[in-house]
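S.K.:
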Amino acid sequence: MQILKKPFISRSTKTGSAAIPCMAIVILMALPGMRAPFQETSESKANQVKAVFLYNFTQFVVWPQRIFNSKTSPFVIGVLGENTFGPYLNEVIESEGVDGHPIVVRHYKSITHDVDECQILFIDKSFPAVKQAIESLKGKPVLTVSDSENFMRHAGMLRFYIEGGKLRIEINQEASQKSGLEVSSKLLRIATLYRE
Amino acid sequence: MLTSAVVLLFTFLSYLVYEVVTFRQTYVRQLYTLSRIISANCTAALAFDNPDDAGEVLRALKAEKHIVAAALYDKQGNLFSKYPQDYPLQTIPRDQVQFEENHRFEKSHLIIFEPVVQNDKILGVLYLKSDMDAMYDRIRLYASIAAAVIAVSFVVAYFLSNMLQRSISEPVHALTRTAKTVSEKKDYSVRATKTGNDEIGYLTDAFNQMLSEIQMQNAQIQRFNQKLELTIEQRTHDLEIANKELEAFSYSVSHDLRAPLRSINGFSGILMEDYGHLLGEEGIQTLKSIMRNGTRMGQLIDDLLAFSRLGKQHVAKLNLNMTTLTKTVYDDLKEQYGNKGEVVINPLPEIKGDRSMLRQVMQNLISNALKYSMKKDNPLVEIGAYRENGENIYYVKDNGAGFNMQYYDKLFGVFQRLHSATDFEGTGVGLALVHRIILKHDGRIWAEGKENEGATFYFSLPVT
Amino acid sequence: MHDSIHDVDILLVEDNPDDAALVIRALKKCNLGNKLIHLSDGEQALNFLFGKGEFSEREVEEDKPRVILLDLKMPKVDGLEVLKAVREDPRTRVIPVVIMTSSAEEKDIVNTYNSGVNAYVVKPVGFDNFSKAVAELGMFWLLVNQSSR
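Residue numbers (our numbering), protein chains in the order written: chain V, 11 to 206; chain R, 8 to 471; chain H, 1305 to 1453.
1. Compute the Euclidean distance between the alpha carbons of Arg-111 (chain R) and Leu-117 (chain R), then round it to the nearest angstrom.
2. For Asn-1320 (chain H), return the contacting residues in chain R, with the cut-off set at a CB-CB distance below 7 Å.
3. Our contact map puts Tyr-134 (chain R) next to Tyr-80 (chain R) with C-beta atoms below 8 Å; I'd like the distance itself, whole angstroms only.
4. Is it true that the region 299-318 of chain R meets the region 260-270 of chain R, where meeting means three or more beta-carbon pairs spaced less than 8 Å apart?
5. Interface residues of chain R around Asn-66 (chain V) at Cβ under 8 Å?
6. Listing by chain order, which chain V residues have their CB less than 9 Å from the CB of Gln-125 (chain R)?
7. Taking 8 Å as the threshold, find out whether the region 143-158 of chain R comes into contact with the region 168-176 of chain R through three or more Cβ pairs.
8. Counting C-beta neighbours from all protein chains within 10 Å, is the total for Ile-1 (chain R) 16 or more, i.e. buried, or is it exposed?
9. Does the distance from the CB of His-390 (chain R) to the CB of Asn-346 (chain R) come in under 9 Å?
10. In angstroms, rounded to a whole number, what distance separates the CA positions of Val-1371 (chain H) and Ile-1399 (chain H)?
11. So, using beta-carbon positions, are Val-155 (chain V) and Phe-132 (chain V) closer together than 9 Å?
12. For Pro-17 (chain V), which residues in the same chain have their Cβ closer than 8 Å to its Cβ, ignoring the five residues on either side in sequence?
13. Among R:Lys-114, R:Arg-184, R:Glu-107, R:Ala-51, which residue has its Cα nearest to the Cα of Phe-87 (chain R)?
14. Spell out the partners DSSP gives Lys-176 (chain V) in its beta bridges.
15. Report the residue from R:Leu-210, R:Ile-445, R:Met-139, R:Ala-439 whose alpha carbon sits nearest the alpha carbon of Gln-32 (chain R).
16. Exposed or buried, which one is Phe-17 (chain R) when buried takes at least 16 other CB atoms within 10 Å?
17. Measure from the C-beta of Arg-451 (chain R) to each C-beta in chain H and report whether the shortest distance is under 9 Å.
18. Buried or exposed, going by whether 16 or more other CB atoms sit within 10 Å of the CB of Thr-293 (chain R)?
19. Along the chain, where does the alpha helix (DSSP H) containing His-284 (chain R) start, and where does it finish?
20. By the 10 Å Cβ neighbour count, where 16 or more other Cβ atoms means buried, how is Pro-74 (chain V) classified, buried or exposed?
21. Would you list, in chain order, the members of the region 1415-1436 of chain H that have their beta-carbon closer than 8 Å to a beta-carbon of chain R?
22. Is there a Cβ of chain H sitting closer than 9 Å to that of Arg-394 (chain R), yes or no?
23. Enumerated in chain order, which unbroken segments of the beta strand (DSSP E) with a length of 3 residues or greater are wholly contained in the region 1379-1448 of chain H?
24. Under 9 Å, CB to CB, which of the residues in the region 114-126 of chain V have a partner in chain R?
25. Bridge partners for Pro-469 (chain R) per DSSP, in chain order?
26. Closer than 6 Å by C-beta to Val-351 (chain R): which residues in its own chain qualify, once you throw out the five before and the five after it? Chain order, please.
27. Helix or strand or just coil, what does DSSP make of Pro-95 (chain R)?
28. Please classify Gln-413 (chain R) as buried or exposed, where buried requires at least 16 other C-beta atoms within 10 Å of its C-beta.
29. Is the beta carbon of Asn-399 (chain R) closer than 9 Å to that of Val-470 (chain R)?
30. Quick check on Ile-181 (chain V) - is its C-beta less than 9 Å from some C-beta in chain R?
31. Among R:Ser-363, R:Lys-378, R:Glu-458, R:Gly-290, which one has its Cα closest to the Cα of Asn-326 (chain R)?
32. For the structure I just gave you, are there three or more beta carbon pairs, one from the region 59-76 of chain V and one from the region 101-113 of chain V, closer than 8 Å?
33. Quick check on DSSP: helix, strand or coil for Pro-47 (chain V)?
34. Of all Cβ atoms in chain R, is any one closer than 9 Å to the Cβ of Arg-1329 (chain H)?
35. Check the Cβ of Ile-373 (chain R) against every Cβ in chain H and list those closer than 7 Å, keeping chain order.
36. Measure the CB-CB distance between Leu-1340 (chain H) and Leu-1374 (chain H) and report whether it falls below 9 Å.
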């Protein structure tokens, strides 16, 4: 577990004119395992947060034990479609694990047969066949996450959306339950529940 | 009363300290429990950057009226959410944020830091600040209970001591009153009232017994006194009778014994005058012996009468010039003893006394001194006085025959003589008479002597 | 001893005959006892002085003794009573009375002087002294003292 060194923060807040950029940095700092990028856009900022959230889901969702072949089997976070995270996701999961299983990131351009080896699959909103992807994972203990607007309608489990400038989560509890995933009530508290 | 109050107070104080300590421990524990629940509920909010939700969780603390403030800090120590919303931020300084379970007391507040952990990952920290009013409420309640208990104890103790006082102090007071009555009125017939069979009852009994004893002894003493008075009266009466008899006796001695003696002497004298020439030398010597003894007997009777008369004689005290008195006495005696020897009369202090009696004293002492020193080659008689212990002490000293101190106790006795009549004539009454006169003047008489070396006679007279 | 009851110089009242004899002898030795009468008790003395009883033929006022020598202790009427009687009666009041006695009792001296005695003489025990004292007494009262006869 890493904790960012304070001197970095305190030094950057020293000059009064730099107050606003600093605030931005401070918000990013709230996210674990993040390093301050050199250039930032609101887009990339959102993606950074998404990467962190993806990792955080590992803490609030329980997967069935049988999915791992061995103790050392990796915990796979898959990204289907365009990789909008850039380097952020890898930075977030670096040297992290879930119950002793190391986390790895896999990128998929299409729906391949090994997509179900993922424990979390992020489907980028630019990916055309969201529905097919979800259906291919039906009954499998894979947490599907997307920022696509129609995602929930296709029985997707978690959806990112922006509200009031903040990244929010919508959850389809029925879908996650059907897949044998246990979503923590704490996550349910802060998420918006999707109803058909 | 005071003792029990102090004990009570100390008991309550120790309980209070114990109460405060345990209460603080309990309160810390309770607050930890609360903070753990809150922090557990805040994990998702921190993980998914949802301050609103965190705020909602913290607002639930509203139900806990002792929670003054709460705040949630993220992993970097940035304030994530706080309660109440308007609570001044500066009271929760960022550099005091700790990521360990920790608590401290600060200005009557309890502050707790509770890390927010999800699956062993620290996501941030919860800050809780609670006032200690609960404890103070409790202490106040406790103090008021203590005050009430003490007050009630005092009331109970007061009534108890009143009761005890009635049973203990009252008999003691009664005893004291009796003792006072006894000592003030000297009335030993009063008795203390016994109130019980306890120690005080025994004391009362003992006291009463003592009073009875005193009363009895007083009565006895009074009886003795009366008896004594009667005895004294009787003795006085007897003495008066004896005195009268003695007077009558001395009167008859003076009159009736002197008359025949006078006849013996008288007719012996006539015999000598008218028929002396017929008697021859031996007859004349025999007649002279009769006459000498008759004269001596007359002297004896006169001395004895003077001595016995002194008993009833009144001492008429006047200021006496002792020097003049002594010189007069000596002048009279001078002729009798001739001018042989030296007589020194030192100045003598004045004294109050009976002139004729003290004259008699001086006469007897000086004539004695002259008489006993005349046979010496250089007779010396010295008369003087000195002052000692408020008394004038007069002395008559001679270098004559003196006396043996072995027979000192016979010196002042009537008809007691230390020398034979052939050596020194005398009746043996002189010193007894002197002794008696000095005693009548409240003085003392004593003497020092050595055989053949002389004698000194001292007498003291009080200076008034 | 003077047998006549008239023309008496000295009246001696003395119950003790031996004492009386001594007094009389002492007075006679100096020629003062020629006109002396001796009576042996107070009653006789009073009779003599006031012309009663055996002395009834006496002229009391004409024939007074020049001095009375009076013993104190006597049977019947003692010396003090005689003295008082003498001093109470105007006929005898002026006669000098000398008490001659054996005792020097203060009480007696005081009483007799209070009753108007002229002298109080204690008879000495010694013969010489006695003779001398009586002689002086007689001389004084008979020769020196001029009473108002």
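Don't be surprised by glycine CBs; every beta carbon is placed ideally from N, CA and C.
M.R.: Put simply:
1. In the second sequence, the residue the question calls residue 111 (chain R) occupies position 104. In the second sequence, the residue the question calls residue 117 (chain R) occupies position 110. If I take the Cα positions, the gap works out to 6 Å.
2. Translated into positions along the third sequence, residue 1320 (chain H) becomes position 16. Chain R residues near Asn-1320 (chain H): Ala-266.
3. Locating residue 134 (chain R) in the second sequence gives position 127, counting from the first residue. Locating residue 80 (chain R) in the second sequence gives position 73, counting from the first residue. Yes, they are in contact, since the Cβ atoms of Tyr-134 (chain R) and Tyr-80 (chain R) sit about 7 Å apart, within 8 Å.
4. The region 299-318 of chain R vs the region 260-270 of chain R: in contact.
5. Residue numbering aside, residue 66 (chain V) sits at position 56 when the first sequence is read from its first letter. Chain R residues near Asn-66 (chain V): Ala-54, Phe-55.
6. Looking up residue 125 (chain R) in the second sequence gives position 118. Within chain V, the residues near Gln-125 (chain R) are Asn-66, Gln-69, Phe-70, Ser-194, Lys-196.
7. Touching, no, given that fewer than three Cβ pairs across the two stretches are closer than 8 Å.
8. Given a span of 8 to 471 for chain R in the structure shown, any question on residue 1 (chain R) remains unanswerable.
9. In the second sequence, residue 390 (chain R) corresponds to position 383, counting from 1. In the second sequence, residue 346 (chain R) corresponds to position 339, counting from 1. The displayed chain sequence assigns Ile, not His, to residue 390 (chain R). Contact: no.
10. Start at 1 with the first residue of the third sequence, and residue 1371 (chain H) comes out as number 67. Start at 1 with the first residue of the third sequence, and residue 1399 (chain H) comes out as number 95. The alpha-carbon of Val-1371 (chain H) is positioned some 6 Å away from that of Ile-1399 (chain H).
11. For this step, residue 155 (chain V) is matched to residue 145 along the first sequence. For this step, residue 132 (chain V) is matched to residue 122 along the first sequence. Taking 9 Å as the Cβ cut-off, Val-155 (chain V) and Phe-132 (chain V) qualify as a contacting pair.
12. Along the first sequence, read from residue 1 onward, the residue named residue 17 (chain V) stands at position 7. Residue placement at Pro-17 (chain V) cannot be trusted, given a pLDDT of 37 that sits under 50; what the coordinates show is reported in the next sentence. The answer is none, since no qualifying residue turns up.
13. If you number the second sequence from 1, residue 87 (chain R) lands on position 80. Nearest of R:Lys-114, R:Arg-184, R:Glu-107, R:Ala-51 to Phe-87 (chain R), Cα basis: R:Ala-51.
14. For the purposes of this step, residue 176 (chain V) is taken as residue 166 along the first sequence, with counting starting at 1. DSSP output for Lys-176 (chain V) lists V:Glu-173 as bridge partner(s).
15. Residue numbering aside, residue 32 (chain R) sits at position 25 when the second sequence is read from its first letter. Answer by Cα proximity: R:Met-139.
16. Position 10 of the second sequence, counted from the start, is the residue given in the question as residue 17 (chain R). So Phe-17 (chain R) counts as exposed.
17. Translated into the one-based positions of the second sequence, residue 451 (chain R) becomes position 444. Not closer than 9 Å to any Cβ of chain H, the Cβ of Arg-451 (chain R) fails to qualify, so no.
18. In the second sequence, residue 293 (chain R) corresponds to position 286, counting from 1. Its Cβ having fewer than 16 others within 10 Å, Thr-293 (chain R) is exposed.
19. Numbered from its first residue, the second sequence carries residue 284 (chain R) at position 277. DSSP places His-284 (chain R) inside the alpha helix (DSSP H), whose first and last residues are 265-317.
20. Indexing the first sequence from 1 puts residue 74 (chain V) at position 64. Pro-74 (chain V) should be labelled exposed.
21. For chain R, the residues of the region 1415-1436 of chain H that bring a beta carbon within less than 8 Å of one of its beta carbons are Lys-1427, Pro-1428, Val-1429, Gly-1430, Phe-1431, Asp-1432, Phe-1434, Ser-1435, in chain order.
22. Within the second sequence, the letter at position 387 stands for residue 394 (chain R). Interface residue (Cβ-Cβ distance to chain H less than 9 Å): Arg-394 (chain R) is not classified as such.
23. Counting only runs of 3 or more, we get 1401-1405, 1423-1426.
24. Correct list: empty, as no residue qualifies.
25. Within the second sequence, residue 469 (chain R) is the residue found at index 462, counting from 1. Beta-bridge pairing links Pro-469 (chain R) to R:Glu-398.
26. Mapped onto the second sequence, residue 351 (chain R) falls at position 344. Taken in chain order, the residues that qualify are Glu-389.
27. For the purposes of this step, residue 95 (chain R) is identified with residue 88 of the second sequence, where counting begins at 1. Residue state, collapsed to three classes: coil.
28. Here residue 413 (chain R) refers to the residue found at position 406 of the second sequence. Classification of Gln-413 (chain R): exposed, given that the 10 Å Cβ count is below 16.
29. Taking the second sequence and counting its residues from 1, one reaches residue 470 (chain R) at position 463. Taking the second sequence and counting its residues from 1, one reaches residue 399 (chain R) at position 392. Contact: yes.
30. To locate residue 181 (chain V), count along the first sequence from 1; it is residue 171. Not an interface residue.
31. As a position in the second sequence, residue 326 (chain R) is number 319, starting the count at 1. Measuring C-alpha to C-alpha distances from Asn-326 (chain R) to each of R:Ser-363, R:Lys-378, R:Glu-458, R:Gly-290 identifies R:Ser-363 as the nearest.
32. Result yes; three or more Cβ-Cβ pairs closer than 8 Å.
33. The sequence position of residue 47 (chain V) within the first sequence is 37, counting from 1. Below a pLDDT of 50, predicted positions are generally treated as unreliable, and Pro-47 (chain V), at 43, falls in that range; no measurement from the model is reported.
34. By one-based count along the third sequence, residue 1329 (chain H) stands at place 25. Closer than 9 Å to some Cβ of chain R, the Cβ of Arg-1329 (chain H) qualifies, so yes.
35. Position 366 of the second sequence, counted from the start, is the residue given in the question as residue 373 (chain R). Near Ile-373 (chain R) there are no residues of chain H at all, since even the closest Cβ is about 24 Å away, more than 7 Å.
36. Position 36 of the third sequence, counted from the start, is the residue given in the question as residue 1340 (chain H). Position 70 of the third sequence, counted from the start, is the residue given in the question as residue 1374 (chain H). Against a cut-off of 9 Å, the Cβ pair of Leu-1374 (chain H) and Leu-1340 (chain H) comes out as no contact.
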